[in-house]
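With my numbering, the residue at position 516 of the sequence shown is 529, and numbering never jumps.
The C-beta atom is built at its ideal place from N, Cα and C for all residues, glycine as well.
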Amino acid sequence: MSNGLLRGIRIVDLSDGIAGPTATMLLAEAGAEVVLVEPPGGNSSRTLPGFRTWNRSKQSLVADLQQPDGRARLRELLVGADVLVHSYGPSRAAQLGLDDATLSVSHPRLIVCSVLAWPVNHPLADSPIDDLLTLARMGVLDEQQGRRDGPIYVRFPLGSWGATWLAAIGIMARLVARGRTGAAGPAHTSLAQGALVPMMMHWSRAQTPSPALAFGMPKDKMNASLFECGDGSWIHIMPPAPDHTPFMREAFEAMGAEAVAAANAADIVGWAAYPNFGANRAAFRTRPASEWLQHFWEHDVPAQPAMAVGAILVDEQARANGYVIDHDDPVAGRITVPGHPMTLDPPAQVRCPAPSLGQHQEIAGHDWLPTITPDRIDAEQRWPLQGLKVLDFGNFLAGPLGPMLLADLGADVIKVEATTGDPMRWADWPFAGCQRGKRTIALDLKSAAAKPALAALVRWADVVHHNLRMPAARKLGLDAAALRSINPDIVFCHASSYGPRGARADWPGYDQLFQASCGWERAGAGEGNPPMWHRFGFMDHQCAMSSVVATLAAVYERDRTGRATDVAASLLGAGVLTTSETYLQADGALAPMAALDHEQMSTAPGVRLLHCADGWIAVVARSDEQVSALCRSVACDHPDGLAAAAATMEIAPLLATLGGAHVPAEQVRLDNKLPFFDDPDNRAAGLIAEYHHADWGRFEQPGAMWYFGDLEPRLDRAPPVLGEHTVEVLAEIGLARDDIDALLASGAAKDAGRR
């Protein structure tokens with residue numbers, strides 16, 4: 014029996030791929046008992062290196078759900094289960110008796126999470142569950158320009174990794190709600206919703222947008238601060254430019270003023286942070302990457318190398334935090350794999366290797382006695398986390414996004430920001446992508462006058478969440494010890510760059526650095542191309558979502574036992590987990606994973622983009638039979654001829670032919686931001702949120718990230734303007750009006766009316 018935060022929770026896992034299995038693995042290593050139920054022959058992912066990570070810490074049994082005895086076996090397990098995770102669309106789920114209506118009657122205490130391509134309440138919910146197809150239909154493949162004109166194959170499984178965390182978050186939110194109300198139910202999500210998390214900062218529509226919101230980030234942002242070094246390796250650095258560092262000054266002096274000016278004139282990026290960009294590029298080629306990196310780290314310049322996926326598995330900082338572990342696997346032997354992306358108390362633990370097929374066939378339903386749901390029924394709930402109070406002291410994106418998702422789930426979130434505002438407010442578009450649902454108070458935490466207000470806020474809260482660097486947090490009284498001296502029952506979550514332990518614990522970090530070091534800048538660029546940053550900023554989002562899972566696990570523990578704990582997440586921890594498509598073998602070699610070709614079109618002969626006469630399609634033909642059918646559909650003899658053959662064909666008849674041949678395919682939608690908001694199916698499925706913004710008027714964003722059935726996400730509050738709720742919040746936490754006026758007059762607080 015585990016002593017983890019989720020001890021006593023039983024999960025039946027019928028899912029396949031990345032998202033569902035990884036979500037249940039994370040819950041298993043936090044203490045839950047997970048039984049992986051596989052069809053005869055096993056899950057399709059069993060042949061992939063990632064299976065060794067995605068399905069470890071589980072037990073396996075085989076049940077043929079096509080047969081009555083297999084369905085009976087599943088029903089036995091569900092009698093004592095708390096959670097069911099599957100990847101059956103609504104039609105197939107209904108055939109198996111796993112639809113919400115049936116399960117709510119037969120297993121009323123069961124939490125059910127399906128991870129599909131599209132939301133369970135969307136007309137596309139029965140679509141094949143595949144990142145390439147889903148992102149094509151959404152229009153996301155067109156949101157990142159690459160090395161050629163047209164949409165690119167986004168190698169990072171953007172939908173799956175978003176859905177991994179959304180599934181775990183939805184399950185945890187339901188567990189918290191069930192513990193408080195006694196009621197269970199669905200917590201469904203999808204790859205489409207997983208991809209919408211990072212798209213929220215790029216896709217919005219405002220009645221009167223600010224110039225920054227209207228401009229957004231151009232699709233061609235790929236490598237403005239990626240530099241090739243003298244040894245051919247690349248490093249990613251973050252502003253300001255390193256012109257002040259001794260190595261760079263020496264390089265400029267060696268070049269001479271005229272050569273510096275000429276290099277700048279020949280290589281202009283138009284980015285004020287890099288006034289000597291051309292000269293910087295020339296200077297970087299004078300030294301190998303290792304020398305530049307060591308020099309920058311010594312001079313507090315944020316920088317990381319652009320490495321291959323999996324190379325991070327030898328990183329000392331990752332190992333110091335348990336993000337990388339050595340693991341004995343009965344199939345692969347002694348391997349180095351991604352470990353635990355979250356810091357929990359008690360710590361997460363690997364319970365066993367990925368099981369062999371049917372290894373635990375003897376498990377029977379009577380071995381799982383139902384856990385007792387607390388006889389505690391609160392007032393009727395509209396939102397899963399209704400009643401949870403959260404203080405958000407975070408800045409930029411990786412910190413504030415987590416509390417925003419808690420607000421989406423119904424928590425009352427107060428954003429506490431400096432009187433000068435969150436440093437990301439200047440950009441509007443990324444700020445809006447991680448701030449909705451919150452009330453905001455502008456408070457100068459460095460001022461002695463603000464201390465009583467800070468103490469009152471902490472006494473009010475259940476959760477404190479931030480991503481401040483810990484030396485600064487301690488000075489402000491925002492470390493766990495200081496917070497608990499005010500409120501011993503606080504759940505404290507810290508989201509950092511490099512994790513709470515190790516030499517880099519207090520280093521600054523940015524999404525770009527972890528896309529680089531975790532290998533996705535090279536993997537996404539295509540074979541033989543220079544590394545490329547993805548404007549989706551997905552490492553920030555991975556960190557934020559992992560922090561929500563950690564937070565809710567701690568809330569669940571406090572609800573059950575009264576024990577308040579500290580938890581943590583980081584960009585490095587979440588980033589390392591995304592490299593689990595591979596692992597490091599005992600001989601130092603990386604297990605093979607699918608690579609993107611030079612043209613950013615394909616990872617396998619039948620898994621690719623095709624440019625047709627009137628646009629683009631994505632096809633996913635994985636089996637030999639499907640590849641043959643694909644070739645017949647475009648009248649070519651070999652996969653090498655697919656591109657030329659498809660170039661003469663029109664999309665509509667080709668898709669019809671492929672559909673008849675049972676080859677999954679989708680048109681790649683282009684410039685789909687506004688059509689996404691106008692799509693009636695998206696609106697009906699809750700994928701559009703609409704509210705009034707104080708400055709921008711009517712404001713629309715991507716909406717619900719989950720479908721909860723009887724419960725709703727809370728999507729009724731636009732991203733706040735600075736100090737929009739200062740007076741309201743200060744009064745609510747007990748400050749007298751005279752004290753509030755004094756704070757405002759002194760400048761220690763600011764409200765929207767005095768902007």
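Secondary structure of residue 218, DSSP reduced to three states
Residue state, collapsed to three classes: strand.
Residue 607 - partner residues in DSSP beta bridges
Note: residue 607 sits in no beta bridge, so no partner.
So the candidates are 101, 557, 61, 48; which of them puts its Cα closest to the Cα of residue 604?
Put simply, of 101, 557, 61, 48 the residue whose alpha carbon is nearest the alpha carbon of residue 604 is 61.
When you compare only the Cα positions, how much space is there between residue 239 and residue 729?
Separation of residue 239 and residue 729 (C-alpha to C-alpha, rounded to the nearest whole angstrom) is 40 Å.
Spatial neighbours of residue 579 within its chain, please: C-beta separation below 7 Å, excluding the five flanking residues on both sides.
Excluding positions up to five away in sequence, the list reads 358, 493, 505.
Near residue 372, what residues of its chain come up, given a Cβ to Cβ distance below 6 Å and the 5 sequence neighbours on each side ignored?
Excluding sequence neighbours, residue 372 sits near 73.
Using a 10 Å radius around the Cβ and a threshold of 16 neighbouring Cβ atoms, would you call residue 143 buried or exposed?
With 16 or more other Cβ atoms within 10 Å, it is buried.
Own chain residues within Cβ distance below 7 Å of residue 717, not counting five before or after
If the five residues before and after residue 717 are omitted, its C-beta is found closer than 7 Å to the C-beta atoms of 699, 700, 726, 728, all from its own chain and listed in chain order.
Could you tell me the boundaries of the alpha helix (DSSP H) in which residue 192 lies?
Secondary structure note for residue 192: its alpha helix (DSSP H) is the uninterrupted segment 171-194.
Cutting at 7 Å between CB atoms, please list the residues of its own chain near residue 242, excluding the five before and the five after it.
The residues are 248, 297, 298, 300, 301, 302, 305.
Chain-order list of residues whose beta-carbon lies under 8 Å from that of residue 651 (same chain, five-residue window excluded):
Counting only residues of its own chain and dropping the five nearest sequence neighbours on each side, residue 651 has a CB closer than 8 Å to the CB of 644.
Would you mind working out which of 722, 163, 147, 89 sits nearest residue 119, comparing C-alpha positions?
Closest by alpha carbon: 89.
Per-residue burial, residue 408 [other beta carbons within 10 Å of its own, 16 or more giving buried]:
Buried: at least 16 other Cβ atoms inside 10 Å.
Taking just the CA atoms, how far does residue 553 sit from residue 687?
C-alpha separation (whole angstroms): 25 Å.
Own chain residues within Cβ distance below 6 Å of residue 27, not counting five before or after
Apart from sequence neighbours up to five positions away, the residues of its chain that approach residue 27 with a beta-carbon distance below 6 Å are 50, 99, ordered along the chain.
For residue 703, which residues in the same chain have their Cβ closer than 6 Å to its Cβ, ignoring the five residues on either side in sequence?
Once the five neighbours on either side are set aside, the close Cβ partners of residue 703 are 713.
Taking only three categories from DSSP, how would you classify residue 355?
Correct three-state label for residue 355: strand.
Can you find the residues in the same chain that come closer than 8 Å, C-beta to C-beta, to residue 223, ignoring five residues on each side of it along the sequence?
Excluding residues within five positions, the ones whose Cβ falls inside 8 Å are 441, 708, 709.
Should residue 190 be labelled buried (16 or more other beta-carbon atoms within 10 Å of its own) or exposed?
By the Cβ neighbour-count rule, residue 190 is buried, with 16 or more other Cβ atoms within 10 Å of its own.
Residue 509 - partner residues in DSSP beta bridges:
Paired residue(s): 583.
Mind listing, in chain order, the continuous alpha helix (DSSP H) runs of no fewer than 4 residues lying wholly within the stretch 56-84?
Runs of the alpha helix (DSSP H) inside the stretch 56-84: 64-67.
Would you call the CB atoms of residue 30 and residue 58 closer than 8 Å?
Result yes, Cβ atoms of residue 30 and residue 58 sit closer than 8 Å.
Span separating the alpha-carbon of residue 485 from that of residue 530
Straight-line measurement puts the Cα of residue 530 at about 26 Å from the Cα of residue 485.
Figure out for me which residue from 320, 759, 158 has the closest Cα to the Cα of residue 245.
The shortest CA-to-CA distance from residue 245 to any of 320, 759, 158 is the one to 320.
Simplified DSSP state of residue 397, which is helix, strand or coil
Note: residue 397 maps to coil in three-state DSSP.
Do residue 451 and residue 427 count as a contact pair if the criterion is CB distance below 8 Å?
In this structure, the beta-carbon distance from residue 427 to residue 451 falls below 8 Å.
I think residue 171 touches residue 633, with their Cβ atoms under 8 Å apart; what is that distance to the nearest whole Å?
Taking a contact as a CB-CB distance under 8 Å, the pair residue 171 and residue 633 does not count as one, their CB atoms being some 15 Å apart.
Measure the alpha-carbon distance for residue 503 versus residue 568 and round it to whole angstroms.
If I take the Cα positions, the gap works out to 9 Å.
Range of the contiguous alpha helix (DSSP H) that encloses residue 106
Per DSSP, the continuous alpha helix (DSSP H) segment holding residue 106 begins and ends at 103-108.
For residue 510, does the count of other Cβ atoms within 10 angstroms reach 16, so buried, or fall short, so exposed?
The residue in question, residue 510, is buried, as its Cβ has 16 or more Cβ neighbours within 10 Å.
Residue 305 - DSSP class collapsed to helix/strand/coil:
Of the three classes helix, strand and coil, the one that applies to residue 305 here is helix, per DSSP.
Taking the C-alpha atoms as reference points, what is the distance between residue 209 and residue 331?
Taking the straight line joining both Cα atoms gives about 28 Å.
Distance cut-off 7 Å: residue 697 Cβ against heavy atoms of the ligand ATP:
Absence of the ligand ATP from the depicted structure is noted, as is the absence of any ligand whatsoever, leaving it without description.
Same chain, Cβ closer than 7 Å to residue 229, five either side skipped, listed in chain order
Taken in chain order, the residues that qualify are 215, 442.
Buried or exposed, going by whether 16 or more other CB atoms sit within 10 Å of the CB of residue 334?
Classification of residue 334: buried, given that the 10 Å Cβ count is 16 or more.
Can you look up residue 23 in the DSSP assignment and give me helix, strand or coil?
Correct three-state label for residue 23: strand.
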